[in-house]
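Residue numbers for the sequence shown follow the working numbering, so the first one is 5 and each next one is one higher.
Glycine is no exception: its CB is placed at the ideal position from the N, C-alpha and C atoms.
Bear in mind that the values here come from a model prediction, so they are computed numbers and not experimental data.
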Amino acid sequence: MIGSCSFPVVVDVLVNDEFGIFFDTYFIVAGRLVYRLTHGAVSLVENISGPAKIVPHSDGTVTVYGRGAGLVPSPGHLWLATGNSVVEVAADGTQILVSTRGTVQDLCGALS
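Here is the structure:
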């Protein structure tokens, strides 16, 4: 995840059985998604299956309403948010965790 942690993190997709359901103004991504995140000799396997409701906006930004678990790469951080979360994605792809009802784990710290 480039730009997330202060060190490189290698991401391997172990399972990707996700699918999308498209509506007029949003779409839902559901299904199973499992990543292995590695830095040096430390690896974490994370089930980040979601699901998530994704709402694109006309200005190029996106709001993601996540339930379950999801990765939130943001400048200087790589968060694992579980529960109900809201993430704002800027037009340049920068992600900000706006709110969560659940837990947030600092994966950069866990990988260092």
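For residue i and residue j, I'd like the C-alpha separation in whole angstroms.
i      : j      : result
Arg40  : Gly54  : 16 Å
Val13  : Glu50  : 14 Å
Ser8   : Trp83  : 9 Å
His81  : Asp110 : 7 Å
Ala85  : Pro77  : 11 Å
Asp63  : Asn88  : 25 Å
Pro79  : Val38  : 22 Å
Ala114 : Arg105 : 21 Å
Ile25  : Lys57  : 9 Å
Val93  : Leu101 : 9 Å
Tyr30  : Val66  : 10 Å
Arg71  : Val46  : 27 Å
Val19  : His43  : 20 Å
Residue i: which of the options sits nearest, CA to CA?
i      : options                     : result
Ser103 : Asp96, Phe23, Tyr69, Asp28  : Tyr69
Leu48  : Thr98, Asp16, Ala94, Leu101 : Asp16
Arg1   : Val59, Ala73, Asp96, Asp21  : Limits of the chain in this structure are 5 at one end and 116 at the other, which puts residue 1 out of reach.
Helix, strand or coil for residue i, going by three-state DSSP, please let me know.
i      : result
Ala114 : helix
Phe11  : coil
Arg71  : coil
Ala95  : coil
Gly80  : coil
Asp28  : coil
Which ranges does the beta strand (DSSP E) cover as unbroken runs of at least 3 residues, wholly within the region 32-69, from first to last along the chain?
46-51, 56-60
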